[in-house]
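I have placed the structure first, in the form of structure tokens, so that the comments after it can refer back to it.
Residue numbers (this note's numbering): 120 to 239.
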């Protein structure tokens, strides 16, 4: 299957300081190597390296979406002792060249997701 990647003014830059990701008030990720993805018309997204996210809260999902600028997104469900978050984590295992830096980085969304920044 051939894919077509469209061009867009997407900017990717390192996030300042340490980024903490909380789900249902529990920290599930913390990174000094997070990336911010700024895409016109979309909210600022923060991506963390997979190694900086707790593997025990990730459950593979069959859900997929396709973005013409980033490629096919694969998803995880979040599962903790106190909460479930279906398809609230996504990543691009084979991203379009435009966003190659986010390959296998994880992004999060949902009303129980919170991002905190701290200085190093």
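A virtual CB, placed ideally from N, CA and C, is assigned to each residue, including glycine. All values derive from a computational prediction rather than experimental measurement.
Contact between the segment 228 to 236 and the segment 139 to 150 is established, with three or more Cβ pairs separated by less than 8 Å. Residue 208 sits close to residue 197, with the two beta carbons spaced by under 8 Å. Residue environment for residue 189: buried (at least 16 other C-beta atoms within 10 angstroms of its C-beta). Per DSSP, the beta bridge partners of residue 140 are 148, 234. Counting only residues of its own chain and dropping the five nearest sequence neighbours on each side, residue 167 has a CB closer than 7 Å to the CB of 138, 140, 148, 150, 153, 224, 225. A check of alpha carbon separations from residue 146 across 173, 129, 131 identifies 173 as the nearest. Here residue 204 is buried: its Cβ has 16 or more other Cβ atoms, across all protein chains shown, within 10 Å. Close CB contacts of residue 229 within its chain, under the 7 Å cut and outside five residues either way in sequence, are with 204, 207 (chain order). In this structure, the CA atom of residue 180 is about 22 Å from the CA atom of residue 219.
When DSSP states are grouped into helix, strand and coil, residue 161 belongs to the coil group. With respect to the C-alpha of residue 231, the residue from 213, 202, 221, 163 having the closest C-alpha is 202.
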